[in-house]
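*Asks:*
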Amino acid sequence: MKVAIIGAGYVGLTTGACLAHLGHNVTCADIDAERVARLSKGEIPIHEEGLAALVNDGLTNRRLSFVVGAANAARGAEIVFLCVQTPQGEDGAADLTYVENVAREIAPVLAPGTVVVNKSTVPVGSTRYVQRVMSEAGASTDHVTVASNPEFLREGQAVRDFLEPDRIVIGCEDPGAAVRVSELYRGIHAPLLVTDPASAEMIKYASNAFLATKVSFINAIANLCEAVDADVREVALGMGYDKRIGFEFLRPGPGYGGSCFPKDTAALLHTSLKAGYNFDVLHGVVDVNRQQHERMVDKVRVASGRELSDAVVAVWGLTFKADTDDLRDSPALVIASRLLEAGATVRAYDPIAGEQAAIRMPGLDVHADPYDAAAGADVVALLTEWDEFRWLDFNRVREAMRHPAIVDARNLLDPSAMRRRGFVYDGVGRR
Ligand SMILES: NC(=O)c1ccc[n+]([C@@H]2O[C@H](COP(=O)([O-])OP(=O)(O)OC[C@H]3O[C@@H](n4cnc5c(N)ncnc54)[C@H](O)[C@@H]3O)[C@@H](O)[C@H]2O)c1
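Note that the numbering used here has the sequence shown beginning at 446, numbered continuously upward.
1) Please report the distance separating the alpha-carbon of Ala822 from that of Ala672.
2) Compute every distance between the C-beta of Gly452 and the non-hydrogen atoms of ligand 1, then say whether any falls below 7 Å.
3) Would you check if the distance between the CB atom of Gly454 and the CB atom of Gln530 is smaller than 8 Å?
4) Using DSSP with H/G/I as helix, E/B as strand and the rest coil, what is Gly872?
5) Relative to the C-alpha of Thr542, which residue among Asp502, Tyr574 and Arg508 is closest?
6) Between the C-alpha atoms of Ala748 and Val757, what's the straight-line distance to the nearest angstrom?
7) Please identify the residue among Arg805, Asp770 and Thr769 whose C-alpha is closest to the C-alpha of Ala781.
8) At a threshold of 7 Å, does Gly503 count as lining ligand 1 (C-beta to nearest heavy atom)?
9) How big is the Cα-Cα spacing for Glu890 and Pro815?
10) Can you round the beta-carbon distance between Val448 and His469 to whole angstroms, since I take them to be within the 8 Å contact cut?
11) Roughly how far, in whole angstroms, is the beta-carbon of Val677 from the beta-carbon of Ile690, given that I think they are within contact range, below 8 Å?
12) Considering only the beta carbon of each residue, do Ala802 and Leu772 sit closer than 8 Å?
13) Whole angstroms are fine: how far does the CA of Asp755 sit from the CA of Val842?
14) Can you tell me whether Lys708 is buried or exposed? The criterion is at least 16 other CB atoms within 10 Å of its CB, across all chains shown.
15) Below 6 Å CB to CB, which residues in the same chain sit around Asp871 once its five sequence neighbours on both sides are set aside?
16) Excluding the 5 residues flanking Leu857 on each side, which residues of the same chain have their C-beta closer than 8 Å to its C-beta?
17) Report the start-end ranges of each beta strand (DSSP E) in the region 458-483 that is 3 residues or longer and not cut off at the edges.
18) Roughly how many angstroms lie between the CA atoms of Asn506 and Gly601, to the nearest whole one?
19) Any heavy atom of ligand 1 closer than 7 Å to the CB of Gln602?
20) Assuming contact is defined by CB atoms lying nearer than 8 Å, are Tyr794 and Ala818 in contact in what I supplied?
21) For a test of the three-state rule: what should DSSP assign to Gln801, helix, strand or coil?
22) Taking the alpha-carbon positions, what's the Asp810 to Glu479 distance?
23) Does Leu891 pass the burial test, meaning 16 or more other C-beta atoms within 10 Å, or should it be called exposed?
24) Classify Ala548: buried if its beta carbon has 16 or more other beta carbons within 10 angstroms, exposed otherwise.
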């Protein structure tokens, strides 16, 4: 099928490369001309395992191409995916400006029979809204159908998640259009749920809110474990064997972050408010998350043995999780900025995103390796679970530091081994 993808970011680029891999003819558009130029040469602007190979295969066999401007991709396409950003607006609601702009831009060029598919995470009612915006902008509503097809991929394993998803959800009033969208996924073995657009849109928000709830729940249990001298890792293991609960998302840490959970929970709370429903559980989830960031700052202060205004803190890891270069709403950056506000000197290291972080946060003193970052520090705050942190020479780290203390916000290291090496060690929810 001839497919257009609008927005060549984490979701759009993965969708485009994977659909080309499945045999479709894909044109990806972005508004960013430099990004398009790099992608056309096979240079991938994001860190995502397996994506470069798929993009380059697609370019070589000419099933994948990149253009500037949504209309240039949408002209002549049978299916057009909207994969632009939907950031959090000032009132917490999802900001649909980017989606609206694309809908207006492509409406006049769509061929009769085109299906426009919203893959961006958008609030309930957006499918109808996009249809309205497009008909106001000149698309014939008789001939163009809008569907919802939310995306569930995880950064760091986006390609695998796209090609081996747990489910595919399509929300569409028109059964014929839903069938055509489902045909795009031929070759992928996953349960297919075809439903109405509002339910499809809600499935995405409910899924992310539920996962955020698991994270805040295990963080709350971890905090309680610290108070009663239990070990949250043992607790999570004992809980996870129960199939009704499972092991996923039961890892305590500095709180969730990234480009999805914070904005999607805020947007769902906004939807609830508008609908007159008081979503107390979700308010609690968001509050626990905020407190968890602050709790890590306090752990750093205590472990440093000084006031923060006098402390040198080495932050290891800046991305919101390992195996991605995404810094959006990263808890590590939130914590680093709190430390800077409190007057601490923050020396940072990240395997991938150090340069980008330094641009975003000028107060951050970014270093090229974890040993340099630790030099003269009173405490190391390990904030992202990059595997390389497990395998460092911790004698060298200790010798470089002014005061050997580690706050392991990801429970990545072995507490007794660290203490044997002479560190003051503090994890999350364990001794
Ligand atoms: N990142 C994830 O892990 C993830 C997972 C599931 C769903 N989502 C949702 O998918 C959507 C996209 O997220 P993302 O992380 O890929 O965003 P992103 O910011 O990485 O990518 C968006 C891209 O759209 C481009 N764009 C903006 N306006 C445009 C226009 N008018 N024409 C052409 N291109 C335009 C931007 O330049 C950018 O490259 C969001 O709604 C997000 O919530 C994201």
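A virtual CB, placed ideally from N, CA and C, is assigned to each residue, including glycine.
*Replies:* Working from what's here:
1) 28 Å
2) yes
3) yes
4) coil
5) Ranking Asp502, Tyr574 and Arg508 by CA distance to the CA of Thr542 puts Tyr574 first.
6) 11 Å
7) Arg805
8) Gly503: no, Cβ never under 7 Å from ligand 1.
9) Given that the chain is displayed from residue 446 to residue 876, the structure contains no residue 890 and the question cannot be resolved.
10) 5 Å
11) Not really, about 14 Å apart at Cβ, beyond 8 Å.
12) yes
13) 20 Å
14) Label assigned to Lys708: buried.
15) Lys744, Ala748 and Val852
16) So the qualifying residues of the chain are Leu827, Glu830, Phe834 and Arg835.
17) 470-475
18) 26 Å
19) Gln602: no, Cβ never under 7 Å from ligand 1.
20) yes
21) helix
22) 28 Å
23) In the structure as shown, the chain begins at 446 and stops at 876. Residue 891 is therefore absent and cannot be evaluated.
24) That one is buried.
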